[in-house]
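A quick write-up on the structure given underneath.
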Amino acid sequence: KDKENWMIERPKEGNSDHYPVLFITPYTAGENGFFRKTNWSDYKVFKQWEAIFMEEKAKYEQEKREKKLENMKVGNNIWSHVKSIFRPYTPPFQGLTLDKIIIKNNKQIADELANYYEIHFSEPNLDNSAFLLKQLPDEYLNTITILFNKCAEAGDFFEKGKIARGIFLSKEGAFPPVSRLRSISLLPNLSKVFERIIVMRIEKWCNENGIHVDEQSGFSPEKRLQTRVISIIEDLRLTVAACNRPALAIFIDFATAFDRMWWPALLKTLEKLDMPIELRRFIFNWLQNRKMSVSHGDAKSRFFPILTGAPQGSVLAALLFRLHIHFLPSFFLQISSHLFADDLALIIKGAIEKRLSENIEYLEIQAKTVLESLEKFSDEYNLPVNTSKTKAMLVHSAVSVSKPKIIYKELEIEYVSSFKYLGMEIGTKLGTIKLNVKKKKKATVNNIDWPSSKTITPYQQQTELINILNTVQRLNMNAVIFQIRPAGDAFYASTLEPWSFYLTGTHGVAPSPLWDPLTFIISEAHKRNIEVHAWLNPYRARMTGATYELASNHMAKRFPKYAYPYDNHIWMDPGSVEVQQFTVNVTDDIVRRYNVDAIHIDDYFYPYSDGTEFPDEATYVAYQQQGGQLNKSDWRRLNVNTLIETMYTRMHSIRPKVKFGVSPFGIWKSGVPAGISGLSSYDSLYCDSRMWLEEGLVDYMAPQLYWPIDPPAQSYPVLLNWWISQSTKGRHVYAGNAAYKLAQGSVQYEAREIARQVNVTRSMRDRLALGNIYFSTKDIMNNIKGIQTVLAELYKQKAMIPKMNWL
Numbered sequence: 001k002d003k004e005n006w007m008i009e010r011p012k013e014g015n016s017d018h019y020p021v022l023f024i025t026p027y028t029a030g031e032n033g034f035f036r037k038t039n040w041s042d043y044k045v046f047k048q049w050e051a052i053f054m055e056e057k058a059k060y061e062q063e064k065r066e067k068k069l070e071n072m073k074v075g076n077n078i079w080s081h082v083k084s085i086f087r088p089y090t091p092p093f094q095g096l097t098l099d100k101i102i103i104k105n106n107k108q109i110a111d112e113l114a115n116y117y118e119i120h121f122s123e124p125n126l127d128n129s130a131f132l133l134k135q136l137p138d139e140y141l142n143t144i145t146i147l148f149n150k151c152a153e154a155g156d157f158f159e160k161g162k163i164a165r166g167i168f169l170s171k172e173g174a175f176p177p178v179s180r181l182r183s184i185s186l187l188p189n190l191s192k193v194f195e196r197i198i199v200m201r202i203e204k205w206c207n208e209n210g211i212h213v214d215e216q217s218g219f220s221p222e223k224r225l226q227t228r229v230i231s232i233i234e235d236l237r238l239t240v241a242a243c244n245r246p247a248l249a250i251f252i253d254f255a256t257a258f259d260r261m262w263w264p265a266l267l268k269t270l271e272k273l274d275m276p277i278e279l280r281r282f283i284f285n286w287l288q289n290r291k292m293s294v295s296h297g298d299a300k301s302r303f304f305p306i307l308t309g310a311p312q313g314s315v316l317a318a319l320l321f322r323l324h325i326h327f328l329p330s331f332f333l334q335i336s337s338h339l340f341a342d343d344l345a346l347i348i349k350g351a352i353e354k355r356l357s358e359n360i361e362y363l364e365i366q367a368k369t370v371l372e373s374l375e376k377f378s379d380e381y382n383l384p385v386n387t388s389k390t391k392a393m394l395v396h397s398a399v400s401v402s403k404p405k406i407i408y409k410e411l412e413i414e415y416v417s418s419f420k421y422l423g424m425e426i427g428t429k430l431g432t433i434k435l436n437v438k439k440k441k442k443a444t445v446n447n448i449d450w451p452s453s454k455t456i457t458p459y460q461q462q463t464e465l466i467n468i469l470n471t472v473q474r475l476n477m478n479a480v481i482f483q484i485r486p487a488g489d490a491f492y493a494s495t496l497e498p499w500s501f502y503l504t505g506t507h508g509v510a511p512s513p514l515w516d517p518l519t520f521i522i523s524e525a526h527k528r529n530i531e532v533h534a535w536l537n538p539y540r541a542r543m544t545g546a547t548y549e550l551a552s553n554h555m556a557k558r559f560p561k562y563a564y565p566y567d568n569h570i571w572m573d574p575g576s577v578e579v580q581q582f583t584v585n586v587t588d589d590i591v592r593r594y595n596v597d598a599i600h601i602d603d604y605f606y607p608y609s610d611g612t613e614f615p616d617e618a619t620y621v622a623y624q625q626q627g628g629q630l631n632k633s634d635w636r637r638l639n640v641n642t643l644i645e646t647m648y649t650r651m652h653s654i655r656p657k658v659k660f661g662v663s664p665f666g667i668w669k670s671g672v673p674a675g676i677s678g679l680s681s682y683d684s685l686y687c688d689s690r691m692w693l694e695e696g697l698v699d700y701m702a703p704q705l706y707w708p709i710d711p712p713a714q715s716y717p718v719l720l721n722w723w724i725s726q727s728t729k730g731r732h733v734y735a736g737n738a739a740y741k742l743a744q745g746s747v748q749y750e751a752r753e754i755a756r757q758v759n760v761t762r763s764m765r766d767r768l769a770l771g772n773i774y775f776s777t778k779d780i781m782n783n784i785k786g787i788q789t790v791l792a793e794l795y796k797q798k799a800m801i802p803k804m805n806w807l
């Protein structure tokens with residue numbers, strides 16, 4: 001409300017439609033703040049509400065009892081209808097242990113279970129004040145609004161709202177030492193209402209400024225903890241793909257992080273983030289003069305001051321802690337860091353050009369530097385590290401290797417073979433763990449982007465597509481890259497391949513009622529002047545961990561001789577002429593029957609290595625027996641080049657105006673250009689993508705530049721500049737941007753990093769850097785880190801589709 005008019009809004013004495021209005025609005029009692037000198041005993045109305053509540057609760061309990069009796073009648077007892085379909089799903093047990101005595105008598109067991117579950121399923125003992133707060137009439141809610149606005153105007157927080165009641169949970173049995181207790185702060189409900197409003201104001205400011213703050217509950221669909229864990233696993237696996245390149249993971253534990261949040265450091269951080277002074281003043285007052293009283297049973301302790309940290313039971317405390325450590329990842333720019341709340345994982349990677357023994361020494365040197373940075377952060381922020389709970393894990397694909405010594409403040413960090421991070425186990429066998437995280441545009445495989453579930457109805461699937469297209473249109477974007485063939489299957493009515501498991505839940509079974517997602521998205525996208533690029537994976541035949549039965553017309557069933565289990569996938573042999581021809585036939589069929597604007601192929605031709613040799617030896621020997629002279633690596637590159645050239649030539653002979661684009665791994669070759677290092681797609685994936693640009697075998701190239709601007713080893717602008725310099729035939733280059741990294745919590749990937757990358761791309765537009773492609777749609781739809789606000793600012797007008805004059 002307008003602070004000048006707050007007095008006008010106060011309720012007057014009189015009658016409400018709900019309850020009698022019984023209290024007078026308190027007035028300012030002094031110049032130093034509205035709440036400090038207010039006599040809160042004026043709220044005698046709460047006693048009246050208590051009596052009303054007890055009466056209402058009694059009526060409610062009686063109604064519930066009557067409903068229970070009604071439902072116990074045979075006709076309404078749902079159990080009588082569903083009992084036949086239930087089956088036992090837990091192993092039988094022979095008895096119970098009660099007070100260290102084993103009970104085997106069945107009647108006694110049944111009685112004890114009844115006693116336990118009667119308590120377990122009893123009605124909750126409602127918090128009267130919380131119930132009352134939800135039932136307040138408008139007049140009282142208006143008054144609370146007035147009180148909050150007056151607090152905000154003065155940058156003040158009422159003193160009674162700072163008093164917490166502490167209860168403690170044991171971490172170590174029935175008689176734990178004091179150090180093995182977990183404190184929980186119980187706060188007044190009015191205080192929690194005010195905190196929630198402040199949280200909403202701070203979150204709004206964070207979103208507007210591209211600052212991402214995690215929720216402490218990571219189980220919402222938009223911010224799943226599994227995403228964080230998988231990002232670490234992906235980071236490790238890409239590192240250890242080479243046998244000479246180990247990775248060192250250090251999992252940091254901060255001692256009682258919330259309780260040790262140092263106020264001066266917090267306020268300094270908020271100032272560095274340019275938080276408005278009004279919010280900072282409010283937060284400072286909220287932290288000051290806090291008190292707590294400990295309760296145990298019926299006993300209460302004296303009040304004692306809280307001079308650091310924030311109460312664990314407060315929603316505002318969780319948000320402030322995340323802002324408090326906002327700059328923590330910036331202490332580790334030279335390595336990968338993964339941060340969620342106070343859980344920090346640091347990944348130190350070996351150098352690809354070093355031998356294994358040299359890399360172990362290198363990791364030890366790097367770890368020393370990293371832990372010195374951690375010590376600096378810990379000292380500056382007064383946030384101690386719990387060295388006994390901080391663990392290290394060496395991940396590698398070698399047979400055996402020595403471990404680098406890791407010291408923090410003269411204490412050696414313990415190595416473990418597995419570590420539970422965010423509730424999920426990560427083990428040292430990552431070199432052989434079968435996980436795959438796809439990184440492309442609008443992915444259908446594994447239901448990454450769409451559909452959200454293979455079990456939803458066709459109507460729900462269509463609604464989700466419409467929502468995506470509406471968002472793309474609202475953000476002034478001009479194309480979607482829609483995955484229609486993730487694993488030798490089809491998200492369209494194919495004449496050659498089975499319906500996708502990820503669309504219908506059963507491989508080879510059509511959706512019911514029947515519909516064609518590709519026809520649908522083309523029609524709806526073109527209504528909105530949005531292009532549709534049909535995205536195919538040429539040789540992947542089944543995804544990691546998939547157990548569904550393949551349909552009889554699947555390519556692995558057509559060509560079983562060339563279908564190889566590899567890295568827990570099924571992968572078709574790119575060296576097989578039959579498989580190559582079939583893949584080209586699939587592309588030809590799509591171009592003939594569907595009005596797609598482009599065909600799009602991503603980085604998967606030969607698979608990323610799992611540390612073992614891809615089993616195509618028989619195909620290579622057959623090539624040699626027919627007179628082939630190339631070594632195996634050059635032969636593999638020839639196979640990929642042949643597919644690209646054949647696809648390009650054939651589709652343009654069918655529809656000359658259809659575009660052909662490829663999205664290769666962002667580094668063509670390690671060391672090219674100078675200073676760039678990482679996985680070499682030329683050597684590891686056998687993709688000579690530079691040659692495709694030089695020979696004009698693509699209409700656009702979309703290298704996956706999934707790194708930030710600053711680190712020199714994979715610098716976004718350096719790599720983009722190299723790619724456009726290779727386009728000697730004038731083909732377009734569209735940079736691939738890692739929107740999915742916004743959800744990983746890295747300080748290097750705030751939404752403004754994406755904005756910087758787009759501006760870098762635009763600075764090279766006169767040299768054919770003509771666009772950006774974002775993976776994935778899900779992260780934009782969920783507005784991770786306020787990315788939609790950033791994109792709306794970048795695309796104030798409709799993005800024009802670049803012309804390809806050679807088509």
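FYI, in the UniProt record's numbering the residues of the sequence shown are 1 to 807. Note that beta-carbon positions come from the ideal geometry of N, C-alpha and C, so glycine has one too.
Residue i and residue j closer than 7 Å at C-beta
i: Leu719; j: Leu705; result: yes
i: Ala743; j: Met477; result: no
i: Leu383; j: Arg260; result: yes
i: Leu697; j: Glu645; result: yes
i: Leu791; j: Leu475; result: yes
i: Phe148; j: Phe194; result: yes
C-alpha distance - residue i paired with residue j, whole-angstrom precision
i: Val82; j: Pro404; result: With a pLDDT of 44 at Val82, under the threshold of 50, the modelled position of that residue is not reliable, and no figure is offered here.
i: residue 809; j: Ser337; result: The structure shown does not extend to residue 809, since the chain spans only 1 to 807, so no value can be given for it.
i: His600; j: Leu807; result: 16 Å
i: Ile197; j: Thr269; result: 21 Å
i: Pro802; j: Ile784; result: 28 Å
i: Lys420; j: Val385; result: 18 Å
i: Asn15; j: Cys206; result: With a pLDDT of 36 at Asn15, under the threshold of 50, the predicted position of this residue should be treated as unreliable, though the coordinate-derived value follows. So the alpha carbons of these two residues sit roughly 42 Å apart.
i: Lys150; j: Phe282; result: 11 Å
i: Gly666; j: His569; result: 23 Å
i: Met691; j: Ala392; result: 43 Å
i: Asp699; j: Pro560; result: 34 Å
i: Tyr381; j: Thr547; result: 49 Å
i: Ile407; j: Glu364; result: 9 Å
i: Ser689; j: Pro329; result: 34 Å
Cβ shell of residue i (< 6 Å), same chain only, five flanking positions each side left out
i: Ala510; result: Trp499
i: Tyr686; result: Tyr606, Arg636, Arg637 and Val640
i: Val760; result: Pro717
i: Glu271; result: none
i: Arg655; result: Val591
i: Thr504; result: Pro511
i: Leu287; result: Trp263
Residue i beta carbon near the ligand NAD (any heavy atom closer than 6 Å)
i: Glu353; result: The ligand NAD is absent from the structure shown, which contains no ligands of any kind.
Min CB distance residue i to chain B below 7 Å
i: Asp589; result: The structure shown contains no chain B, having only a single protein chain.
Cβ neighbours of residue i in the same chain (closer than 8 Å, five flanking residues each side left out)
i: Tyr594; result: Tyr492, Leu518, Thr519, Ile522 and Ala534
i: Leu273; result: Asn209, Ile211, Leu323 and His326
Burial state of residue i (16 or more Cβ within 10 Å)
i: Trp79; result: Note on Trp79: pLDDT 46, under 50, position unreliable in the model; the coordinate value appears next. It counts as exposed.
i: Ile347; result: buried
i: Phe303; result: exposed
i: Gln366; result: buried
i: Asn529; result: exposed
i: Thr649; result: exposed
i: Pro91; result: Legend: pLDDT at Pro91 = 36, less than 50; position of this residue unreliable, no value from coordinates given.
i: Ile277; result: exposed
i: Val621; result: exposed
Beta-carbon proximity list for residue i, same chain, < 7 Å, skipping 5 on both sides
i: Leu630; result: Leu638
Subject >> Entirely enclosed beta strand (DSSP E) segments - the stretch 335–399, minimum 3 residues >> reply: Restricted to the stretch 335–399, the beta strand (DSSP E) segments that are unbroken, complete and at least 3 residues in length are 336–340, 343–349 and 391–395, listed in chain order.
Original post:
Which whole runs of the beta strand (DSSP E) in the stretch 286–319 are 3 residues long or more, in chain order?
Top reply: Counting whole runs of 3 or more residues, the stretch 286–319 contains the beta strand (DSSP E) stretches 290–296 and 299–306.
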